[in-house]
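This report concerns only the one structure given below.
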Amino acid sequence: MPVAAGNASVNFDAPAGNIACDIFCAVIDNFGDIGVCWRLARQLAAEHGWQVRLFVDNLKAFHALCPAVDPALDRQSAAGVVIEHWHAPSHAGDTLQIADVVIEAFGCELPAVYVSAMACREQKPVWLNLEYLSAEDWVADFHLRPSPHPRYALDKTFFFPGLGPGTGGVLKERTLDAEREAFRRDAWWRARVGITAPPPGTTVISMFAYENPAIDTLLEQWRDSDTPVALLVPEGRISGALARFFGLPDFLAGAKAQSGSLKAYALGFVEQPLFDSLLWAADLNFVRGEDSFVRAQWAQKPFVWQIYPQGDDAHLPKLDAALAHYANGLPDGARASLERFWHAWNGAGAPDWDDFWRNRALLEQRAADWAAELASIGDLAGNLAEFAKTQLK
Ligand code: TRH
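By the count of the numbering used here, the sequence shown reaches residue 522 at its end, each step adding exactly one.
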């Protein structure tokens with residue numbers, strides 16, 4: 130029976146039926162926080178039949194990933210997920226209904242009223258703190274560790290995504306490989322770039338990146354390359370550097386430019402399910418942050434990761450931990466050149482395109498092998514659902 134709490138009515142129990150799950154997401158910056166939460170929410174609803182509510186404090190960022198989301202609405206639904214505009218920190222929806230599984234993404238703090246209602250629920254919810262992805266070894270030791278609440282009889286469990294055994298893995302939809310195999314390159318070029326696909330012999334590169342001082346050197350190397358390079362650049366933080374290089378006022382969706390062997394095309398930002406096809410269309414992908422980093426791995430193409438920069442270079446050990454997985458099994462020379470190139474793209478040294486790309490065949494083989502290894506850990510949504518179900522018994 131619902132009771133009143135402030136302006137909201139309260140129902141301590143979840144709706145009858147399928148597992149109810151609330152995901153809370155605070156957008157720090159860019160698209161990674163909502164990118165991961167939106168993908169997880171869709172998967173839990175579509176693949177596991179859960180009733181998912183996603184609380185998000187920034188609907189503008191969400192709108193970019195899902196144009197069906199109207200930033201003016203407090204409550205709406207898309208792709209089978211109920212979306213609440215979360216007026217953090219105190220608000221928890223008009224009806225305070227406590228789910229069976231509560232996911233606090235990336236250490237965002239749950240509303241106090243929600244936590245106290247969780248403690249009143251007869252069957253305590255499974256409370257998960259979904260952490261950022263890290264490939265570091267310690268992650269497996271901390272994955273699924275419970276942490277008791279200081280005041281309530283509630284445990285919060287740390288759920289760590291990772292690239293190795295014993296971690297929560299990374300998100301991968303059940304249909305992803307089939308979609309990738311059904312991808313039609315020529316049709317994609319006509320629809321997304323508005324031209325026919327470049328002829329064989331052209332190296333196609335996608336570039337989703339933050340501002341990066343190494344970009345000018347790389348653009349010069351591609352311009353001076355013996356073979357043609359087609360660069361696909363989604364509009365965003367790196368666009369200004371492209372505009373400066375080509376002497377243009379901007380480099381926004383639809384723009385094209387050529388210098389020497391380099392042809393560059395600016396693309397519009399597309400809804401999240403369409404992002405993968407950019408990675409499938411390219412021979413090499415530059416990605417960043419967390420979610421696009423994962424998608425590049427599933428694309429089974431060589432890729433270069435620009436890690437989200439942290440103070441005191443705290444991100445560099447994380448970069449090397451990812452390299453340790455991804456470069457494992459490559460011959461020494463190719464491995465060293467991959468490491469040099471990734472480091473240069475993350476601020477240490479200058480990029481050397483020829484040194485990197487002469488290993489193309491080895492990198493392509495490794496990309497396919499690595500995707501198979503990563504898949505053996507299981508997908509994050511499936512791992513999370515399995516764990517939650519064991520706790521709900
Ligand atoms: O945007 P990102 O840099 O995100 C982040 C945030 O900075 C976040 O605070 C930080 O925690 C995290 O990185 C590590 O990069 P990411 O994670 O790759 O997210 C980008 C999302 O945008 C991803 O879901 C793919 C999506 N996307 C589209 O949907 N359409 C597009 O056209 C493009 C280029 C990307």
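Each residue gets a CB set at the ideal place from its N, CA and C atoms; glycine is no exception.
Quantities reported herein were computed from a predicted structural model and do not represent experimental measurements.
Proximity of residue i and residue j at Cβ, strictly below 8 Å
i: leucine 183; j: isoleucine 152; result: yes
i: leucine 188; j: proline 196; result: no
i: proline 342; j: valine 333; result: no
i: alanine 410; j: tryptophan 317; result: yes
i: aspartate 405; j: arginine 424; result: yes
i: alanine 269; j: glycine 295; result: yes
i: phenylalanine 398; j: alanine 386; result: no
i: threonine 304; j: alanine 479; result: no
i: leucine 391; j: leucine 348; result: yes
i: phenylalanine 289; j: phenylalanine 271; result: yes
i: glycine 293; j: histidine 454; result: yes
i: proline 431; j: arginine 469; result: no
Euclidean distance between Cα positions of residue i and residue j
i: valine 211; j: glycine 222; result: 11 Å
i: aspartate 229; j: tyrosine 394; result: 47 Å
i: arginine 274; j: phenylalanine 337; result: 34 Å
i: cysteine 154; j: arginine 495; result: 34 Å
i: leucine 360; j: glutamine 435; result: 17 Å
i: arginine 280; j: alanine 443; result: 32 Å
i: leucine 194; j: glutamate 260; result: 21 Å
i: leucine 467; j: phenylalanine 485; result: 6 Å
i: tryptophan 474; j: alanine 370; result: 14 Å
i: glutamate 308; j: valine 362; result: 22 Å
i: alanine 137; j: alanine 514; result: Confidence at alanine 137 is low in this model, with a pLDDT of 45, below 50, so its placement is unreliable and the value that follows should be read with caution. Spanning the two alpha carbons is a distance of roughly 29 Å.
i: aspartate 162; j: isoleucine 506; result: 22 Å
i: glutamine 502; j: serine 219; result: In the sequence as displayed, the identity of residue 502 is glutamate instead of glutamine. Using only the alpha carbons, I get a separation of about 42 Å.
i: glycine 135; j: aspartate 203; result: Confidence at glycine 135 is low in this model, with a pLDDT of 38, below 50, so its placement is unreliable and no value can be given for it.
i: glutamate 433; j: valine 242; result: A small fix is needed here, since residue 433 is valine in this sequence, not glutamate. The alpha-carbon atoms of valine 433 and valine 242 are separated by roughly 43 Å.
i: alanine 384; j: isoleucine 344; result: 18 Å
i: aspartate 186; j: glutamate 213; result: 8 Å
i: aspartate 284; j: threonine 519; result: 15 Å
CB-CB length for residue i against residue j, believed under 8 Å
i: tryptophan 179; j: leucine 173; result: 4 Å
i: proline 446; j: glutamate 265; result: 7 Å
i: methionine 247; j: isoleucine 232; result: Not quite, the Cβ-Cβ distance comes to about 12 Å (not below 8 Å), so this is no contact.
i: glutamine 429; j: alanine 477; result: The Cβ separation is near 27 Å, so there is no contact.
i: alanine 504; j: lysine 301; result: 7 Å
i: aspartate 508; j: glycine 298; result: 6 Å
i: leucine 257; j: threonine 224; result: That belief does not hold up - the Cβ atoms of leucine 257 and threonine 224 are roughly 22 Å apart, past 8 Å.
i: arginine 321; j: leucine 396; result: 6 Å
i: aspartate 353; j: glycine 389; result: 6 Å
i: valine 255; j: alanine 517; result: 5 Å
For residue i, the nearest candidate out of the options (CA to CA)
i: glycine 164; options: Ala217, Ala190, Ile227 and Asp379; result: Ala190
i: arginine 250; options: Ala282, Pro277, Phe398 and Glu238; result: Ala282
i: asparagine 457; options: Ala497, Pro480 and Gly440; result: Ala497
i: leucine 521; options: Pro378, Lys253 and Ala450; result: Lys253
i: leucine 262; options: Trp215, Ala234, Ala372 and Leu407; result: Ala234
i: proline 460; options: Asp449, Leu491, Leu448 and Arg469; result: Leu491
i: alanine 450; options: Trp267, Ala382 and Ala217; result: Trp267
i: leucine 448; options: Pro431, Tyr339 and Phe422; result: Phe422
i: tryptophan 351; options: Arg469, Leu403, Gly440 and Asp483; result: Asp483
i: serine 206; options: Arg314, Val181 and Ile148; result: Val181
i: histidine 278; options: Glu310, Leu239 and Arg314; result: Leu239
Any non-hydrogen atom of the ligand ADP within 7 Å of residue i CB
i: aspartate 420; result: Looking for the ligand ADP in the displayed structure turns up nothing; the ligands present are the ligand TRH.
Practice prompt. Report yes or no: do three or more beta-carbon pairs, one from the segment 352–369 and one from the segment 399–418, lie closer than 8 Å?
Written response: As far as the Cβ criterion goes, the segment 352–369 touches the segment 399–418, which means the pair count is three or higher.
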